[in-house]
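Novice: Here it is: the structure, laid out below.
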Amino acid sequence: MADLAAPDEGRIEHRLRRDLHAVDELIPGPAVTSDLVADTRRRGAGLLAHRRVTTAVVVVLAVLAVTAVLVSPALGRAQPSSSYRPDLPADPIELGCYPLPRGLTLDFPYQVRSDGDLGGRRVLTLHWDELDAAEVRRRLDTALDRAGLPRDAATVTPFPDLPRDAVVRGTVVLRLPLARLASDDPECQDPATTKRFPPDWAPSTTYG
Amino acid sequence: MTGLVLRRLRADPVLTACLAAALLLKAVLFVRVADLPLRGDEVAYRDAGCALANLVRDLVALRGPDSAELARDVVGSGWFMPGMGIVLAPLYLVAPAADDTAARLWLGLVSAGVLVLTVLAVRRSLGRWYAVALCAFPALVPVWALLSWTAYGDLLAGLVLVLLLVRLVEVLRAGRAGEPPTLRDGLVLGFLAITVVHLRSSAALAVGATALVAPVVLVTSLHRRAGRTALKPVTVSAVAAGAVFAGLLLPWSVGASVALDDRVITTTSVPTALANTFGDRSEVCFGPCDPGSTVWFAPVRYAREVARATGHGEVTVLDQMSEHARRDVTARSYAQDVVENFERYRAIDGFGALLKPPDAPHDEGFWQWVARDLSLEIFGPVSWLVAAALLVVSRRRFSDQALAVLLKVGLLALLTQPFVHLSGSRYWTTAGALGGLAVVVLARTAYDAIRRPPVEDGDEPAPLLTALQWTLSAATVATVGVVATLAG
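Sequences listed follow chains A and B, in order.
When the count follows the UniProt record's numbering, it moves up by one through the first sequence with no breaks and lands on 208 for the last residue.
When the count follows the UniProt record's numbering, it moves up by one through the second sequence with no breaks and lands on 488 for the last residue.
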């Protein structure tokens with residue numbers, strides 16, 4: 001097989017240049033008119049102005065922001081209302097607005113649901129947490145014995161179908177002798193604290 | 001500078017007129033809201049703004065921050081992310097005693113600025129008709145303009161979501177041309193995404209859904225052009241976006257978790273919202289909650305009491321309360337509540353419901369007509385067009401398809417709101433920002449179906465995007481069908 005002749009690179013380049021020239025001549029170059037120059041200059045100036053304006057705006061904003069931050073401590077403090085996170089009222093039993101009979105203690109985690117007088121008795125309703133019903137019953141019996149009250153003064157009802165990790169576990173209803181207001185703490189005047197809700201307070205079930 | 005602005009105006013008189021009309025409407029409506037005090041959740045946003053301004057003050061003066069104030073007023077019960085607090089903070093930084101009129105003025109100026117920025121970004125990336133559509137809907141809906149003077153973050157979240165989608169469309173288009181996203185793209189996308197979430201935490205679903213879809217589309221189209229080498233820059237920018245997102249979410253999540261002594265990522269309001277929406281409201285506190293309060297505050301008070309008695313976190317307790325209240329939910333009751341929520345979602349009488357003092361009589365005459373009747377006149381037909389846009393499939397151009405897919409994913413994710421939360425009359429303002437754009441997508445798809453223009457070189461449709469749209473349309477129809485059947 002005969003060797004192929006080595007390509008003559010000089011000739012190829014010459015040929016390419018000639019073709020390119022021929023093509024180049026077919027494409028008319030833009031006429032450099034004064035309009036074109038003016039238009040290009042205007043666009044350039046526009047871009048430059050845009051960049052300058054942007055830079056100026058950023059610099060001014062940054063200076064204003066830094067100044068505002070630096071002088072802010074001298075302008076006083078803003079006063080939030082904190083109305084969306086009011087302090088949690090104290091536990092009414094601990095506060096002692098309407099004390100429990102002497103000797104009766106609630107030795108388990110609970111929250112008071114309602115308190116009030118009904119048919120000559122004080123009815124105090126609680127939810128208890130964490131413990132099982134038998135344990136709460138045992139602790140209540142001890143406390144009732146200590147207070148000299150019958151054991152049936154307390155009913156202990158666990159919630160049905162409790163999940164295993166449930167924190168709140170059931171309801172305790174205590175039927176006790178009537179109690180009088182025994183504290184002049186102003187919080188004791190607030191039904192939201194004592195849980196002695198007036199009957200005209202609307203249930204918290206409307207959308208608002 | 002004036003010359004520059006004038007040239008811009010001359011370049012696009014239709015858009016300029018439309019934007020000017022929207023801003024003018026907004027300015028006129030300020031008269032109605034100027035003297036209305038901040039109400040409801042707006043108060044919580046103001047408190048957050050005040051506390052954040054005080055935080056800056058303390059840091060500059062080299063004092064220790066008031067952590068009790070931050071816990072009470074920025075975190076509160078963990079319901080609201082601090083986006084609107086951050087928006088309001090500069091006002092209370094320079095004017096600590098600013099009254100509510102000043103706050104409304106500031107909020108309106110911020111929303112006007114974001115609107116203008118969004119319109120310009122839409123015009124640059126998507127073209128003038130999309131920008132005009134955004135100016136017309138929602139910006140020319142009176143109740144939207146009224147709500148733009150309020151501290152509710154829904155409306156701003158919608159506009160920033162549009163900025164995010166526009167940026168994603170740019171990245172997808174560049175990917176189609178074989179150009180992978182840059183690190184800067186990733187940083188900007190991450191920033192826009194977390195801004196949306198901070199302004200309105202429920203929009204996290206829309207951000208998450210687009211964050212799932214966009215990379216898949218991008219990798220597919222890049223892979224075809226540039227092979228495996230394209231994966232590296234995509235990964236880098238995705239990691240950058242994720243890092244910015246997480247970095248700007250973390251201060252809130254950590255702060256709220258510490259303040260409430262429980263795990264908080266975005267918001268704690270979901271369990272209570274689910275209980276109030278679908279459960280038995282008289283069982284939320286394992287029985288009725290204390291009377292004399294609201295469906296939001298009373299359960300939190302109960303959970304705080306349990307937390308005090310037991311040492312458990314209140315958020316954990318709220319979760320258990322919600323499960324208890326929802327134990328009798330059936331598919332039928334759920335579907336009926338969803339339908340009811342959609343009705344509430346579509347009732348956009350936001351002005352009457354949100355701004356008016358509770359004891360004041362409802363507006364009558366002119367303002368009533370503007371805030372409710374006129375707004376509903378516009379909202380009604382547009383919402384049907386948007387619904388239609390969710391069902392049509394754009395098949396002619398890649399650029400249209402990319403936008404269509406992102407808009408549909410965003411809209412559908414936002415429209416899950418009635419499936420999880422009692423709807424309010426302001427919620428539409430987030431999805432509303434995408435509504436005008438969706439109508440243009442519908443119009444272009446319809447035009448293409450009739451005229452069948454030739455496909456432009458480099459803008460050929462992608463089968464993946466067509467398939468995605470069919471899937472989304474099918475999912476929409478199926479969901480509506482199932483809910484309607486169950487509720488019926």
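Every residue, glycine too, gets a C-beta built ideally from N, C-alpha and C.
None of the values given here were measured: they were computed from a predicted structure.
For A:THR157, which residues in chain B fall below 9 Å Cβ to Cβ?
Specialist: Within the first sequence, residue 157 of chain A is the residue found at index 157, counting from 1. Chain B residues near A:THR157: none, gap ~11 Å exceeds 9 Å.
Novice: Verify whether the separation of the beta carbon atoms of A:LEU88 and A:LEU106 is less than 9 Å.
Specialist: To locate residue 88 of chain A, count along the first sequence from 1; it is residue 88. To locate residue 106 of chain A, count along the first sequence from 1; it is residue 106. No, these two residues do not count as a Cβ contact at 9 Å.
Novice: Helix or strand or just coil, what does DSSP make of A:THR157?
Specialist: On the first sequence, position 157 is the one that residue 157 of chain A refers to. It is a strand residue.
Novice: Look up A:TYR110 in the DSSP assignment and say whether it is helix, strand or coil.
Specialist: In the first sequence, residue 110 of chain A corresponds to position 110, counting from 1. In the structure shown, A:TYR110 sits in a strand (DSSP, three-state: E or B).
Novice: Which residue marks the beginning of the beta strand (DSSP E) containing A:HIS50, and which one marks its end?
Specialist: Position 50 of the first sequence holds residue 50 of chain A. Careful: A:HIS50 lies outside any beta strand (DSSP E), inside the alpha helix (DSSP H) at 34-71.
Novice: So, for B:HIS324: in the same chain, excluding its five sequence neighbours on each side, which residues have a beta-carbon less than 7 Å away from its beta-carbon?
Specialist: Counting from one through the second sequence, the residue named residue 324 of chain B turns up at place 324. Closer than 7 Å at the Cβ level, and outside the excluded window around B:HIS324, lie GLU283 and PHE286.
Novice: Compute the distance between the beta-carbons of B:VAL74 and B:GLY186, then report whether it is under 9 Å.
Specialist: Along the second sequence, one-based indexing puts residue 74 of chain B at 74. Along the second sequence, one-based indexing puts residue 186 of chain B at 186. No, they are not a contact pair.
Novice: Check whether the stretch 56-75 of chain B and the stretch 155-167 of chain B touch, using three or more Cβ-Cβ pairs below 8 Å as the test.
Specialist: Touching, no.
Novice: Checking the sheet assignment: what are the DSSP bridge partners for A:GLY116?
Specialist: As a position in the first sequence, residue 116 of chain A is number 116, starting the count at 1. DSSP lists A:VAL123 as partners of A:GLY116.
Novice: Just the chain B side, please: which residues come within less than 8 Å of A:GLU130 by C-beta, in chain order?
Specialist: Reading the first sequence from its first residue, position 130 is the one you call residue 130 of chain A. Going along chain B in sequence order, the residues near A:GLU130 (Cβ under 8 Å) are THR310.
Novice: At a CB-CB cut-off below 8 Å, which residues of chain A make contact with B:SER111?
Specialist: Start at 1 with the first residue of the second sequence, and residue 111 of chain B comes out as number 111. Neighbours of B:SER111 on chain A: none; closest Cβ ~18 Å, over 8 Å.
Novice: Confirm, please, whether the CB-CB distance from B:VAL217 to B:ALA462 is below 9 Å.
Specialist: Counting from one through the second sequence, the residue named residue 462 of chain B turns up at place 462. Counting from one through the second sequence, the residue named residue 217 of chain B turns up at place 217. Yes, Cβ-Cβ distance for B:ALA462 and B:VAL217 is below 9 Å.
Novice: Starting from B:LEU117, follow its DSSP beta bridges and name the residues at the other end.
Specialist: Position 117 of the second sequence, counting from 1, holds the residue named residue 117 of chain B. The partner list for B:LEU117 (beta bridge, DSSP) is empty, contrary to what the question assumes.
Novice: Identify, in the order they occur along the chain, each residue of the same chain with its Cβ nearer than 8 Å to the Cβ of B:PHE15, setting aside the five sequence neighbours on each side.
Specialist: Working through the second sequence from its first residue, we reach residue 15 of chain B at position 15. The sequence shown places Leu at residue 15 of chain B, not Phe. The answer, listed in chain order, is VAL119, ARG123, ARG128, ALA131, VAL132 and CYS135.
Novice: Against chain B, with Cβ distances strictly below 9 Å, would A:TYR98 count as a contact?
Specialist: Along the first sequence, one-based indexing puts residue 98 of chain A at 98. Chain B, which has no Cβ nearer than 9 Å to the Cβ of A:TYR98, makes this no.
Novice: Start and end of the beta strand (DSSP E) containing A:LEU174?
Specialist: In the first sequence, the residue the question calls residue 174 of chain A occupies position 174. A:LEU174 -> beta strand (DSSP E) spans 168-176.
Novice: Closer than 7 Å between beta carbons: that is the criterion. Which residues of the stretch 76-104 of chain A meet it against chain B?
Specialist: Listed in sequence order: GLY76, ARG77, ALA78, GLN79, PRO80, SER81, SER82, SER83, TYR84, ARG85 and LEU88.
Novice: Taking Cβ positions only, does B:GLN320 come closer than 9 Å to chain A?
Specialist: Numbered from 1 along the second sequence, position 320 holds the residue referred to as residue 320 of chain B. It does; some Cβ of chain A falls within 9 Å.
Novice: CA-CA distance, B:TRP149 and B:ARG452?
Specialist: In the second sequence, the residue the question calls residue 149 of chain B occupies position 149. In the second sequence, the residue the question calls residue 452 of chain B occupies position 452. If you take the alpha carbons of B:TRP149 and B:ARG452, they lie about 44 Å apart.
Novice: Which residues of chain B have a Cβ atom closer than 8 Å to the Cβ of A:ARG51, listed in chain order?
Specialist: Against the first sequence, residue 51 of chain A aligns to sequence position 51. Those do not exist, as A:ARG51 stays about 11 Å from chain B at its closest Cβ, beyond 8 Å.
Novice: Residues of chain B with a CB under 8 Å from the CB of A:VAL167: which are they?
Specialist: Numbered from its first residue, the first sequence carries residue 167 of chain A at position 167. Within 8 Å Cβ-Cβ: VAL306, THR310, HIS312, THR316, VAL317 and GLN320.
Novice: So with Cβ pairs under 9 Å, would you call B:GLU340 a contact of chain A?
Specialist: Mapped onto the second sequence, residue 340 of chain B falls at position 340. Not one chain A Cβ lies under 9 Å of B:GLU340.
Novice: Please name the residue in B:GLY481, B:GLU179 and B:ALA413 whose C-alpha comes closest to that of B:ALA203.
Specialist: For the purposes of this step, residue 203 of chain B is taken as the residue at position 203 of the second sequence. The candidate whose alpha carbon is nearest that of B:ALA203 is B:ALA413.
Novice: With distance defined between alpha-carbon atoms, name the residue in B:LEU464, B:TYR427, B:PRO215 and B:ILE378 nearest to B:ARG395.
Specialist: Within the second sequence, residue 395 of chain B is the residue found at index 395, counting from 1. Among B:LEU464, B:TYR427, B:PRO215 and B:ILE378, the Cα nearest to that of B:ARG395 belongs to B:LEU464.
Novice: Counting along the chain, where does the alpha helix (DSSP H) carrying B:HIS324 start and finish?
Specialist: Taking the first residue of the second sequence as 1, we reach residue 324 of chain B at position 324. Start and end: 314-325.
Novice: Check whether chain B comes within 9 Å of A:ARG113, counting only Cβ atoms and requiring the distance to be less than that.
Specialist: The residue you call residue 113 of chain A lines up with position 113 of the first sequence. True, the Cβ-Cβ gap to chain B drops below 9 Å.
Novice: State the Cα-Cα distance for the pair A:MET1 and A:GLY10, rounded to the nearest angstrom.
Specialist: The count along the first sequence starts at 1 and reaches residue 1 of chain A at position 1. The count along the first sequence starts at 1 and reaches residue 10 of chain A at position 10. Only weak support is given to the placement of A:MET1: the predicted model assigns it a pLDDT of 46, under 50, and the question is left unresolved by the model.
Novice: Taking buried to mean at least 16 other C-beta atoms within 10 Å of its own C-beta, is B:LEU428 buried or exposed?
Specialist: As a position in the second sequence, residue 428 of chain B is number 428, starting the count at 1. Residue identity differs from the one stated: residue 428 of chain B is Trp in this sequence, not Leu. Counting Cβ neighbours within 10 Å, B:TRP428 comes out buried, since at least 16 surround it.
Novice: Which residues share a DSSP beta bridge with B:TRP428?
Specialist: Reading the second sequence from its first residue, position 428 is the one you call residue 428 of chain B. None, per the DSSP bridge assignment.
Novice: List the endpoints of the continuous alpha helix (DSSP H) containing B:HIS223.
Specialist: Sequence index remark: in the second sequence, residue 223 of chain B carries index 223 (1-based). From DSSP, the alpha helix (DSSP H) with B:HIS223 extends over 204-226.
Novice: From the DSSP output, in three-state form, read off A:ASP91 for me.
Specialist: As a position in the first sequence, residue 91 of chain A is number 91, starting the count at 1. In this structure, A:ASP91 counts as coil in the three-state DSSP scheme.
Novice: List, in order along the chain, the chain B residues whose C-beta lies closer than 7 Å to that of residue 270 of chain A?
Specialist: Past the boundaries of the shown model lies residue 270 of chain A; chain A is included only from 1 to 208, so the question cannot be answered.
Novice: Label B:GLU456 either buried or exposed according to how many other C-beta atoms from any shown protein chain fall within 10 Å of its C-beta, with 16 as the threshold for buried.
Specialist: Locating residue 456 of chain B in the second sequence gives position 456, counting from the first residue. So B:GLU456 counts as exposed.
Novice: Please check the pair B:THR266 and B:SER333, which I expect to be a contact at CB under 8 Å, by giving their CB distance rounded to whole angstroms.
Specialist: On the second sequence, position 266 is the one that residue 266 of chain B refers to. On the second sequence, position 333 is the one that residue 333 of chain B refers to. Not confirmed; about 27 Å, so no contact.
Novice: Determine the closest residue to B:LEU192 out of B:SER375, B:LEU390 and B:VAL162, with distance taken between C-alpha atoms.
Specialist: The residue you call residue 192 of chain B lines up with position 192 of the second sequence. Considering only alpha carbons, the answer is B:VAL162.
Novice: Looking at the unbroken alpha helix (DSSP H) that takes in B:GLU340, where does it start and where does it end?
Specialist: In the second sequence, counting from the first residue as 1, residue 340 of chain B sits at position 340. Residues 331-346.
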